[in-house]
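Asker:
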Amino acid sequence: MASTRIGHALNIFSESPLYRLRRVVSIPPLMLAERILFVDHDPLARKAFARAMRQKRFIVDIANDAEEALELAKHYPYAVIASDWRMPHTDCMRLIEQVRAKTPDVSCIRITGTCHEISPQAIIEIEIIAFIQKPWGNDDPADALSRATRIHQRRVRHSMMSMKPPNGQTTILLVEDNPADAALVERLLSRSDGNYAVTVRSSLSEA
53 MASTRIGHAL
63 NIFSESPLYR
73 LRRVVSIPPL
83 MLAERILFVD
93 HDPLARKAFA
103 RAMRQKRFIV
113 DIANDAEEAL
123 ELAKHYPYAV
133 IASDWRMPHT
143 DCMRLIEQVR
153 AKTPDVSCIR
163 ITGTCHEISP
173 QAIIEIEIIA
183 FIQKPWGNDD
193 PADALSRATR
203 IHQRRVRHSM
213 MSMKPPNGQT
223 TILLVEDNPA
233 DAALVERLLS
243 RSDGNYAVTV
253 RSSLSEA
C-alpha cells in the first residue's frame, strides 16, 4: 500500500505545473530538487551507489545502459549524469552528447574501473567534472556529486542571465487551464531570484 501511495505521489509531482514549467523555462534550480542519473551495466554497482547516495539525501535514478538513460532523460531535467565509461553499444561520451542536446547545463561524472580508459580530448569535449573509481571504498562519491550539482546550478543561472532582455525581466507565457495551478506557479516565480512577467492563458488557442 505504501509503495502505491509513493508511486501515485510521484505521478502527481511529474504532472505538476511547476515541473512542467521547469521543462520549458529555467526556473532557479533550488526551487526543484536536483536529480542524479547513475548509468552502469553492473547491477551491484547501481544498487550500491543508489542506496549510499539516497541515504545522503540525493535523488538518484539508475539506468542499465545508454538506451535506458536517454529514455529517463526525456522525462527529467537531470542536473548530473554519473556514467560508466564503457557501455554496450555506446560510451559515456555519446550519451552525454545526446543528453546535452536537450539539457545543455547537465554536469558529467565519469565512473570507471581504471584511470586509463579516456583521452584528455574526451575530458575537454564533454567537460567531465569528476572521476569516481570503482570500487569507491572510502572515497565518498557524495563530494563529487555535490560539486557537480553546484556547477550545474551556476550554469543554469548563467543561462538565465544570458537570456534576459536589457530591462532584466523575463517574460513567460503560461498555458494552464487550472486557475489554482496557474496562481501557484505565479507565486513560486514571485518568490524566486528572477524578475518574471507572467502572462496566463487557459488554452493554446488563447495563447
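All the letters of the sequence shown, read from the start, carry residue numbers 53 to 259 under this note's numbering. Each residue gets a CB set at the ideal place from its N, CA and C atoms; glycine is no exception.
1. Are the region 141–148 and the region 97–109 in contact at 8 Å, needing three or more beta carbon pairs?
2. What three-state label does DSSP hand R162 in the structure shown?
3. Taking 9 Å as the cut-off, decide whether the C-beta atoms of L225 and A259 are in contact.
4. How about A153 and A182: do their beta carbons lie closer than 9 Å?
5. Does DSSP put S255 in a helix, a strand or coil?
6. Beta-carbon separation of E86 and V132 under 9 Å?
7. Taking C-beta to C-beta, are V91 and D157 nearer than 9 Å?
8. What whole-angstrom Cβ distance do A115 and L96 have, given they're in contact under 8 Å?
9. Quick one: give me the first and last residue of the alpha helix (DSSP H) that A125 is part of.
10. My output table needs one value for A134: the three-state DSSP class, helix, strand or coil.
11. Would you call S257 buried or exposed, if buried means 16 or more other Cβ atoms sit within 10 Å of its Cβ?
12. Under three-state DSSP, which class holds F110?
13. Output the boundary residues of the beta strand (DSSP E) element that contains A153.
14. Less than 9 Å between the C-beta atoms of K186 and D94, yes or no?
15. How big is the Cα-Cα spacing for N283 and H210?
16. With distances taken between CB atoms, is the gap from I284 to I184 smaller than 9 Å?
17. Using a 10 Å radius around the Cβ and a threshold of 16 neighbouring Cβ atoms, would you call H204 buried or exposed?
18. Please confirm whether E238 and V227 have their CB atoms less than 9 Å apart.
19. Name the one or two DSSP bridge partners that I184 has.
20. Assign D143 to one of three DSSP states: helix, strand, or coil.
Answerer: Put simply:
1. Flag = no, the region 141–148 and the region 97–109 do not touch.
2. strand
3. Yes, they are a contact pair.
4. no
5. Correct three-state label for S255: coil.
6. yes
7. Cβ distance not < 9 Å, so V91 and D157 don't count as in contact.
8. Rounded to the nearest angstrom, the Cβ distance from A115 to L96 is 15 Å, too far for a contact under 8 Å.
9. A118 to A125
10. strand
11. exposed
12. coil
13. Careful: A153 lies outside any beta strand (DSSP E) and carries neither H nor E.
14. yes
15. With the chain running from 53 to 259 in the structure shown, residue 283 is simply not present.
16. In this structure the chain extends from 53 to 259, so residue 284 is not present and cannot be described.
17. It counts as buried.
18. Against a cut-off of 9 Å, the Cβ pair of V227 and E238 comes out as no contact.
19. Paired residue(s): I163.
20. When secondary structure is reduced to three states using DSSP, D143 falls in the strand class.
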